[in-house]
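Protein chains in written order, with our numbering: chain E, 1 to 323; chain S, 1001 to 1323; chain W, 2001 to 2323.
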Amino acid sequence: MPKTQTKTNTATFERRDILSFDQFTPNDLFHIFTTAKEMAYQVKKKVPSDLLRGTITTLLFYEPSSRTFASFNAAIKRLGGQTIDIQNPGQTSSVAKGETLADTIRTFEAYSDLIIMRHPIKGAAKEAANAASIPVINAGDGIGEHPTQALLDLYTLYEKFGRLNHLTGVLVGDLLNGRTIHSLLRGLSLFEGNEIYLLAPQILKLSPQDKQDFRKRGLKLIEITNDKEIPKTANFWYWTRVQKERFTNLSDYERVKTAFTVTPELMKSRAGKDMILMHPLPRVGEIAKAVDKDPRAVYLRAQIRNGMFIRMAVVSLILGKKL
Amino acid sequence: MPKTQTKTNTATFERRDILSFDQFTPNDLFHIFTTAKEMAYQVKKKVPSDLLRGTITTLLFYEPSSRTFASFNAAIKRLGGQTIDIQNPGQTSSVAKGETLADTIRTFEAYSDLIIMRHPIKGAAKEAANAASIPVINAGDGIGEHPTQALLDLYTLYEKFGRLNHLTGVLVGDLLNGRTIHSLLRGLSLFEGNEIYLLAPQILKLSPQDKQDFRKRGLKLIEITNDKEIPKTANFWYWTRVQKERFTNLSDYERVKTAFTVTPELMKSRAGKDMILMHPLPRVGEIAKAVDKDPRAVYLRAQIRNGMFIRMAVVSLILGKKL
Amino acid sequence: MPKTQTKTNTATFERRDILSFDQFTPNDLFHIFTTAKEMAYQVKKKVPSDLLRGTITTLLFYEPSSRTFASFNAAIKRLGGQTIDIQNPGQTSSVAKGETLADTIRTFEAYSDLIIMRHPIKGAAKEAANAASIPVINAGDGIGEHPTQALLDLYTLYEKFGRLNHLTGVLVGDLLNGRTIHSLLRGLSLFEGNEIYLLAPQILKLSPQDKQDFRKRGLKLIEITNDKEIPKTANFWYWTRVQKERFTNLSDYERVKTAFTVTPELMKSRAGKDMILMHPLPRVGEIAKAVDKDPRAVYLRAQIRNGMFIRMAVVSLILGKKL
């Protein structure tokens, strides 16, 4: 099929692949966000929808991910679509016998209107899209991308603040490897006037190369070394996990770890009253449970639901269905 | 959400959790049974139902159970509802990374209207319900409870005899550990005049504590030691499996085992013509295959189908949908 | 249920099992093919279908097979039916505890209108059908049969040539063990005037017994030893995989292997312009990727889609639903 995988300033997503966050223009983002907002309204009304009735989407998950799997599943079924759920096809005979990804994709495309794929290898989504005559959504390709996660993070900011420019944010944790961090920075660099504070242990700081790139794209980046330096004016904190295993010297970890845990005290001392606290999940202790009930904590609320709305928007735009 | 988990004498199930059999009053049971009967009629008519259209239920099975999984799946889909099937999420990255059950539940609740959970650890269903703002049905929590199984057993008796009081029953097999046995005794103790014969190997007898408790609740319990003592007037036999492994002395097992196997001969000599023979399944030899065609054997017939009707009833009552 | 498993010359499939290819008469085949053609048209029109609305089919896969699983799944959902997906039930407690296949089947039949089963043991589908009061489709029973695969192969020929008699074909690869090869030969032997060339390594030739049988059924079989002997008049080539592991002497394999690989050169030198190149998939190198874009190559196109159409036809005929 003729597919447009290069950047486009048109808002038409019909039959397009979603492979990388870089394919989106600001206009694309706003088009998706507007649609997601309509989806949220649709769900709130509790009126069953038949928008995707008659469509079949294959969820092809080479790697387990119950969270992303459930989110896409819900997005499709909330709109009356059907799914074919294929988990761990690598254990099945065809793949075990040595079938190529291209052949597998060309099999599933015969049965469905859309393929949503998670795969452990970077670039696999692109390879699948090249083989397929139907659209492919990348739901995570190893250390590569997971564009709908980046969309939901930006949508959460947009929904809260009504804009994606002139925002002040704090990114915390593993800034060196974090896939969601890099996508978020790329997204924010599409808009002017954004100012981002970076808080990471020495060994997990944003790489000099990345720092240079994002500055060139227009982002203002300020590195801090302690949670006491978090500006009270920040619109959002985006917290991520710091893995103890990354440290060769445990005393280094012990020394820094408090700077990477959100507690009610930290919220009280450094968080503005209109900010939001985000986290891509799963968390394992870096945000204290007591913070969950803080209305500014959106990781277990808006962020998760927004993931579903974004996926409802993206799937229906690709399948050419309008509310 | 405001949830009523304590005993209630109202018949309103909307948005309630189903965690333990003890939460039901006799009125609750009759309300569920009446609804199950309507569901059975609905299925018999073969008219497709849209009762649960637009609803999404997450089946979150931390432990494999194709039987219970299929029964809930069928119950929901027979009524036009959709499911998100999550099996063995413990193998996925989030749980493997150490995410708490509460965080996992708060993720899935964003996508669905109801969570049905099976978990290997007793108390997990209660923990999930505490975290969730949507209703949770316990589909088995380890050695804890499996309330819809108890409901279907009682419904099978009710459907056959039109009452749950003044029944004579025989419970056979592992009365010490059997989860279904204990729930059934609890259910029968809600009604007066029930008389239960207990037949178990010495080492698998109902514990003195349980015996005392159930007698205090009003059940008449009579222990017997041989299948020749089964009263011919019994309305039902509820047979369960005696695991050979429970015996340290194999000759003990050999000595008693015939008392714990149903054969056509035993049916002929001890079973009344209007009784029913029940078993929670799976069976592995304790009921001879030749007994299957006896019309009084309901374990492969009414009991299984009733499981689906009961689950249709419970799910639609919780989701507030009336036929 | 009263089931007709013997050969029948009636075209009524309602509530019949599909266990073996041998149960089909030529009339049966044409009836299925006509229905499959209607299904193809239905899919092409892109009008959502409700033909199977209100029906539930259990996909009981004791052996992983994402390809066949997805094909049946798509077939059912394209027609508005619902599925209960049970994969690897052998790992669940009931089967692990030693439950018989008959008991398992009698459980699932209570929930559904049709069971589609894949099982590693030959004869399992027949055993399941004997236990079931609802129809059973064999989706592969070990080295036994996989009748819908044979149907889709014959349908692909029928759709292309408008007939199943007086065809010239070439079967290549593992003719000794290939399940699809044997079914195809059986199918072609139902019609007169078919002439089949056989190309296989010495150790993987059709067994003398099979050769004798198929000749007795009226097929003309001609053995060749080299791809240069492939007749240019052949209507179709049916290529299969030759497993290196079958050879004890690697130099034997090296000597013959080029005769068992399709290349653009071979297509150019030996393939007629109106022939089709078939393969049951998965392939692992025996057809060069460069051949894929040849319009005569139907393995990644017509064959896969026809599999879905055939399964749409078979399932709806069994469930008694007419377009």
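Glycine included, C-beta positions come from ideal geometry on N, C-alpha and C.
Collapsing the DSSP output to three states places N2194(W) in coil. DSSP, reduced to helix, strand and coil, places A2139(W) within a strand of the structure shown.
For the 8 Å CB-CB criterion, F2033(W) and Y2158(W) form a contact.
Per the coordinates, the alpha-carbon of Y2253(W) lies some 7 Å from the alpha-carbon of K2244(W). Here the region 2297-2307 of chain W makes contact with the region 102-113 of chain E; the two share three or more CB pairs at distances below 8 Å. Within the model, the alpha-carbon separation for K1045(S) versus V2284(W) is close to 50 Å. Your pair M1312(S) and M1117(S) does not check out as a contact, with CB atoms roughly 18 Å apart and the cut at 8 Å.
For D2085(W) against D1103(S), the beta-carbon gap comes to about 27 Å, at or over 8 Å, which does not count as contact. Against chain E, the CB of Y1062(S) has no partner CB under 8 Å away; the residue lies outside that interface.
In this structure, I1196(S) is the residue among I1196(S), S1316(S), T1083(S) with its C-alpha nearest to the C-alpha of N1235(S). Excluding five sequence positions before and after T2263(W), the CB atoms of its chain that fall closer than 6 Å to its own CB belong to A2288, given in chain order.
L1114(S) places its beta carbon 8 Å or farther from that of K1321(S).
Annotation: the continuous beta strand (DSSP E) that includes D1085(S) extends over 1082-1087. In the three-state reduction of the DSSP assignment, A1036(S) falls in the helix class, which pools H, G and I. Per DSSP, the unbroken alpha helix (DSSP H) holding I2318(W) starts and ends at 2302-2318. Annotation for F161(E): the continuous alpha helix (DSSP H) segment containing it runs 147-161. Within the same chain, and ignoring the five residues on either side of E192(E) in sequence, the residues whose Cβ sits closer than 7 Å to its Cβ are N165, G218. Using a Cβ-Cβ cut-off of 8 Å, F2108(W) counts as an interface residue toward chain S, since at least one Cβ of chain S sits closer than that to its own. Here DSSP, grouped into helix, strand and coil, assigns A1290(S) to helix. Rounded to whole angstroms, the gap between the alpha carbons of G2054(W) and I2076(W) is 11 Å. Under the 8 Å Cβ criterion, the region 53-68 of chain E does not count as touching the region 176-191 of chain E, having fewer than three qualifying pairs.
In this structure, L1152(S) lies near N1306(S), with their beta-carbon atoms less than 8 Å apart. It is roughly 14 Å from the alpha-carbon of D1292(S) to the alpha-carbon of N2130(W).
A2070(W) has a beta carbon lying within less than 8 Å of a beta carbon in chain E. Against chain S, the CB of K257(E) has no partner CB under 8 Å away; the residue lies outside that interface. Annotation: K1228(S) is outside any alpha helix (DSSP H) and is labelled neither H nor E by DSSP. The C-beta of I2304(W) comes closer than 8 Å to at least one C-beta of chain E. Between F21(E) and R186(E) a beta carbon distance of about 6 Å is seen, short of the 8 Å cut, so the two are scored as contacting. By the Cβ rule, the region 123-139 of chain E does not count as touching the region 203-218 of chain E, because fewer than three pairs are nearer than 8 Å. Counting the other Cβ atoms within 10 Å of the Cβ of T1248(S) gives fewer than 16, which makes it exposed. Residue-level contact by beta carbon fails for K122(E) and chain S, as no gap is shorter than 8 Å. Taking 9 Å as the upper bound on Cβ-Cβ separation, chain S lies near residues D2050, R2053, G2054, T2055 of the region 2035-2055 of chain W. Contact of M278(E) with chain S is not assigned, every C-beta pair being separated by 8 Å or more.
A residue is called buried when at least 16 other Cβ atoms come within 10 angstroms of its Cβ; G2162(W) does not meet this threshold and is exposed. When Cβ-Cβ separations below 8 Å define contact, E223(E) makes no contact with chain W. Taking each of H1182(S), S1049(S), D1274(S), R1241(S) in turn and checking the Cα distance to T1168(S), the smallest one comes out for D1274(S).
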